[in-house]
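Below is one structure, written out as structure tokens, with a few remarks after it.
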């Protein structure tokens, strides 16, 4: 194992690495190598200490690796989470200034709805940051649903459920209702959670239920894949709906 | 090496595996394992025999692996390419019927604008097909550009350049001009090629040039990353523009 320590004359480097959707074998070779070689890793945890990111990476973390856990509260108010990222970035900065590299573990891809972006915003002006892209939940869901996403000149739109149902931005939500569901060939609705019933109603109203598949925890041990009409009544945060209008247009 | 041969009483299985954007280290652990273990691989080639997919996977292909190369002509007419996929699927079927598994190599992700979808359409009713998702060029481009794609409740739309400039579907193209560039927070324009100048003009007309980054062959040895205003005059097929309106909204 290469301990990527550097002399004190040189600042350490930040690696934001995507771990993929959940199956550890869907990690990239580069992510696995960087975790094995890391002297310091950092990752977000929920209240109680569980970390989905760390659980994906667990088999590659070597003994003696220093771990920075950031307790990020999942609240509607943004202050507490921002304070957690401030604290994490500060701990990382101390190590970076001493010349140590820090590998940040990120579910999916670091730059696709990832919490790593909050650390990136805090560290990018002072430190060298390298992003290692990962498999997103979007293509993982398509794979387990055996549903091709887009071919040829098709358009795909990804949007979070809270926006679609308009809890956060009424003006944008109206645009979504009238345009996004109709103008794209493939629509991915992410982060269902408590918005699931409202999203189903919108899809039904648009006449797209038959084109929709529900997927929960794709590639995980407890994965669920069902036509939307047969989906459970409630959905966790890590779930999505794929709406694919163009079935087999490529034949 | 496990030769995944099966007895003649059982049909073989098709694996459609994503290889990621170009850097072999961005292949998943699962893709690397399946290629190492494969008795038969299949992949598309351009006229002349070069295969980008095979070049990504090269270090993992073991001696004695049987290779099915499909010469797919890049023509506007669809007939010749369809004939190539018919021929490839037929070769694969003969081996699958004899109980042999076939691993199909796919650039990026198999279900995201991938040619694997043409084979999937031909084989899925008769054979068991497993899809191994890969890192797409979209998150790879964001990584090399160090440009976060979407956070919180932002909307992302992916569209191919030919559609945006309206060469193939005037009605949709009009919708794109007025809606897609304005309604999404992040827009990815793929497959630039000969449409590059027209796409630049549309982005400039929408006032979004300052929000746009041009990327060519992301993660490859000859990668180019530039603000769109400084991009080269011509673009290859494997290039894209990231338009990100929400710079650092997550601070």
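Protein chains in written order, with my numbering: chain A, 1 to 251; chain B, 1001 to 1251.
Glycine residues also receive a C-beta, built at the ideal position from the N, C-alpha and C atoms.
For chain A, find out if any of its Cβ atoms is closer than 7 Å to the Cβ of residue i; answer yes or no.
| i | result |
| --- | --- |
| residue 1060/B | no |
| residue 1131/B | yes |
| residue 1040/B | no |
| residue 1086/B | no |
| residue 1181/B | no |
| residue 1206/B | no |
| residue 1109/B | yes |
| residue 1057/B | no |
| residue 1045/B | no |
Relative to the C-alpha of residue i, which candidate in the options has its C-alpha closest?
| i | options | result |
| --- | --- | --- |
| residue 210/A | 84/A, 224/A, 231/A | 231/A |
| residue 1290/B | 123/A, 119/A, 64/A, 112/A | The structure shown has nothing for residue 1290/B, since chain B only spans 1001 to 1251. |
| residue 1218/B | 1023/B, 1017/B, 1019/B, 1066/B | 1023/B |
| residue 229/A | 208/A, 194/A, 15/A | 208/A |
| residue 1224/B | 1204/B, 1195/B, 1143/B | 1143/B |
| residue 1182/B | 1243/B, 1091/B, 1050/B | 1243/B |
| residue 1082/B | 1122/B, 1235/B, 1047/B | 1122/B |
| residue 1091/B | 1080/B, 1079/B, 1104/B | 1104/B |
| residue 984/B | 1162/B, 1021/B, 1031/B, 1196/B | Outside the shown range of chain B (1001 to 1251) lies residue 984/B, about which nothing can therefore be said. |
| residue 152/A | 1057/B, 1134/B, 1147/B, 1077/B | 1077/B |
| residue 1118/B | 150/A, 128/A, 139/A, 145/A | 150/A |
| residue 64/A | 38/A, 128/A, 148/A, 52/A | 38/A |
| residue 1162/B | 1237/B, 1100/B, 1086/B, 1057/B | 1237/B |
Mapping DSSP to helix, strand and coil, what is residue i?
| i | result |
| --- | --- |
| residue 125/A | coil |
| residue 118/A | helix |
| residue 35/A | helix |
| residue 24/A | helix |
| residue 186/A | strand |
| residue 66/A | strand |
| residue 1071/B | strand |
| residue 155/A | coil |
Determine, using beta carbons only, whether residue i comes closer than 7 Å to chain B.
| i | result |
| --- | --- |
| residue 244/A | no |
| residue 25/A | yes |
| residue 185/A | no |
| residue 80/A | no |
| residue 15/A | no |
| residue 162/A | yes |
| residue 73/A | no |
| residue 113/A | yes |
| residue 148/A | yes |
| residue 189/A | no |
| residue 126/A | no |
| residue 69/A | no |
Take residue i and list the residues in its own chain whose beta-carbon comes closer than 6 Å to its own, dropping the five residues that flank it on each side.
| i | result |
| --- | --- |
| residue 1070/B | 1044, 1084, 1088 |
| residue 216/A | 224, 239 |
| residue 206/A | 181 |
| residue 1155/B | 1184, 1185 |
Leaving out five residues on either side along the sequence, give the residues of the same chain with a beta carbon under 8 Å from the beta carbon of residue i.
| i | result |
| --- | --- |
| residue 1097/B | 1011, 1012 |
| residue 1252/B | Because residue 1252/B is not part of the residues shown, which for chain B are 1001 to 1251, the question remains open. |
| residue 1059/B | 1024 |
Identify, in the order they occur along the chain, each residue of the same chain with its Cβ nearer than 7 Å to the Cβ of residue i, setting aside the five sequence neighbours on each side.
| i | result |
| --- | --- |
| residue 1095/B | 1012, 1040, 1102 |
| residue 80/A | 73 |
| residue 1141/B | 1215, 1218, 1240, 1242 |
*With 7 Å as the limit, tell me which residues of the segment 1095-1106 of chain B have their beta carbon closer than that to any beta carbon of chain A; keep them in chain order.*
Of all residues in the segment 1095-1106 of chain B, none is placed with a Cβ closer than 7 Å to any Cβ belonging to chain A.
*Can you list, in chain order, the residues of the segment 215-237 of chain A whose Cβ is nearer than 7 Å to any Cβ on chain B?*
Listed by position, the residues of the segment 215-237 of chain A near chain B (Cβ gap below 7 Å) amount to none.
*If contact means a Cβ-Cβ distance below 8 Å, which residues of the segment 1027-1038 of chain B contact chain A?*
Only those residues of the segment 1027-1038 of chain B whose C-beta falls short of 8 Å from the nearest C-beta of chain A are listed: 1027, 1028, 1029, 1030, 1032, 1033.
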